[in-house]
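Let me begin by presenting the structure, written as C-alpha cells, before commenting on it.
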Amino acid sequence: METTYRWGAVAALAPVAWGANYFVTHEYLPADSPWWGAALRALPAGLLLLALARKLPRGAWWWRAAVLGLLNTSAFFLLVYVAAQLLSTATASTLMALSPAALMLSAWALLAERPRAAPLIGAAIGLGGVVLMLAGQVGAPSMSGLLASAGALTSSSIGYALSKRWSNEAGVLASTSWQLTFGGVLLLIAAVVFEGGPPSLTAPGAAALAYTAVIATALAFVAWFAGLRRLPAATVGLIGLLNPVTGVALGVTLGGEPLTIRQAAGMALVLLGILLGRPSRSTSGQRAGRRPEVGRAACTSTTR
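See below:
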C-alpha cells in the first residue's frame with residue numbers, strides 16, 4: 461500500500477497543475493487564438509521531453525503515438541483551451557469532475573477493468589463535493605463552452621485508457637514525448653492554416669505560456685501517465701478531482717476570496733471520494749506482481 465500511496469501522490473501532481481492552468485489560461489492567454497494556444501502548449505513540452513528521452517518511436521508506436529497525440533493532445537488541448545475561455549473556472553471544473561466516471565467507463569470497455577463499487581461511490585461523492593464547492597458562483601455557461609468541455613472529457617478518457625493499454629511497451633517519458641510532439645505538430649499546422657501568425661504576448665502572457673508548457677503539460681503528463689501505469693484507472697480518475705479543489709484553493713490564496721463553510725465541506729467530500737477509490741490491498745498486490753518496467757524498450761511485444 462505504501463507504493464500505491466506514493467504513485468497516487470505522483471499522479472496528483474497533474475490535476476493540481478491543471479487546476480492552476482484553468483486560471484492561467486483564462487487570465488493571461490489570448491482568447492482569440494485557441495489553435496496557437498494549444499500548439500504552444502503541446503509542442504514545446506513534447507520537444508523538451510523528447511530531448512530528455514532521446515528515443516524515437518519504433519514499429520507500432522508510430523501509429524499509436526499519432527492516435528494518442530490526436531486524442532490526448534490535439535483534440536484535448538484545443539477543446540480545453542476553448543472551454544477555459546468560454547466558461548467560468550467553476551463551470552469548467554464542475555464538468556471535468558465527471559472525468560472519473562468517464563475514465564472508468566473507458567477502462568471497462570477498452571481494458572476490461574470492471575469498476576468496483578467503492579470507486580463508483582467515491583466518484584459520486586467527489587462529484588457532489590465539487591458541485592457543493594462551486595455552487596452559486598456566477599458565470600452563465602455558453603453552449604459552445606459546454607460542448608467543448610464534453611468533447612475534451614470524451615477525448616481524454618478514451619486516450620488515457622488506450623495509453624494504459626499500451627503502457628507496458630514503452631517508457632513513460634518516451635511515450636509521453638511522442639504523443640505530445642505528434643499532437644503539437646498537428647496543432648501547429650492547424651494554427652497556421654486557421655489563424656495565421658502566432659499571437660503577440662505580453663510578459664505575463666509569456667510567463668503563463670511557459671508555465672502551461674513546462675509545468676501543466678510536460679511535468680503533469682509524465683506524472684499522470686506514470687500513475688496511470690501503476691494504479692487502476694478508477695483510482696487515477698478520482699485523483700483528478702483535485703483539479704477543481706486546486707481552483708478553489710487558488711481563489712482563496714491568490715484571489716483573496718473567503719473560504720466558506722460550503723466550500724470547505726465540498727473539499728472534504730472530494731477528499732473522501734478519493735480515499736474511497738483507493739485500491740484494496742489484494743488489488744494492489746496483484747498489480748504490483750505484474751508491474752511493467754518503465755525503461756522497457758518500445759514495441760518488444762505484440763499489440764494487446
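Basically the working numbering = 1-based index in the sequence shown + 460.
Glycine included, each C-beta is placed from N, C-alpha and C at the ideal position.
Cβ-based neighbour list, residue i, same chain, cut-off 6 Å, excluding 5 preceding and 5 following
i: Phe654; result: Trp495
i: Arg501; result: Phe537, Thr672, Ala673 and Thr677
Per-residue DSSP class, three states only, for residue i
i: Gly619; result: helix
i: Lys624; result: helix
i: Thr614; result: helix
i: Pro692; result: coil
i: Ser493; result: coil
i: Ser602; result: coil
i: Leu661; result: coil
i: Arg738; result: coil
i: Ala520; result: coil
i: Thr464; result: helix
i: Leu714; result: coil
i: Leu434; result: Residue 434 lies beyond the range of the chain shown here (461 to 764); nothing can be said about it.
i: Ala552; result: helix
i: Ala725; result: helix
N- and C-terminal bounds of the alpha helix (DSSP H) containing residue i
i: Leu539; result: Phe536 to Leu546
i: Gly700; result: Where Gly700 is concerned, there is no enclosing alpha helix (DSSP H), given that its DSSP letter is neither H nor E.
i: Ser559; result: Ser559 to Leu571
i: Val674; result: Premise fails: Val674 is in no alpha helix (DSSP H) and is neither H nor E.
i: Ala634; result: Val632 to Glu655
Pair within 8 Å by beta-carbon distance, residue i and residue j
i: Leu613; j: Met556; result: yes
i: Leu509; j: Leu640; result: yes
i: Arg576; j: Ala670; result: no
i: Ser627; j: Ala513; result: no
Cβ neighbours of residue i in the same chain (closer than 7 Å, five flanking residues each side left out)
i: Gly582; result: Leu698, Gly733, Ile734, Leu736 and Gly737
i: Pro504; result: Ala673
Residues near residue i in its chain [Cβ-Cβ closer than 8 Å; skip 5 each side]
i: Trp467; result: Ala686, Gly687, Arg690 and Leu691
* Cβ contact check for the region 656-676 and the region 704-713: 3 or more pairs under 8 Å -> no
* Asked: Are the region 643-652 and the region 525-539 touching by the rule of at least three beta carbon pairs closer than 8 Å?
  -> yes
* Asked: Quick check: the region 583-590 against the region 721-736, are there 3 or more CB pairs under 8 Å?
  -> yes
* To do: Evaluate the contact criterion for the region 467-483 versus the region 671-683: three or more CB pairs, one atom per stretch, below 8 Å.
  => In short, these stretches touch, since the Cβ pair count reaches three.
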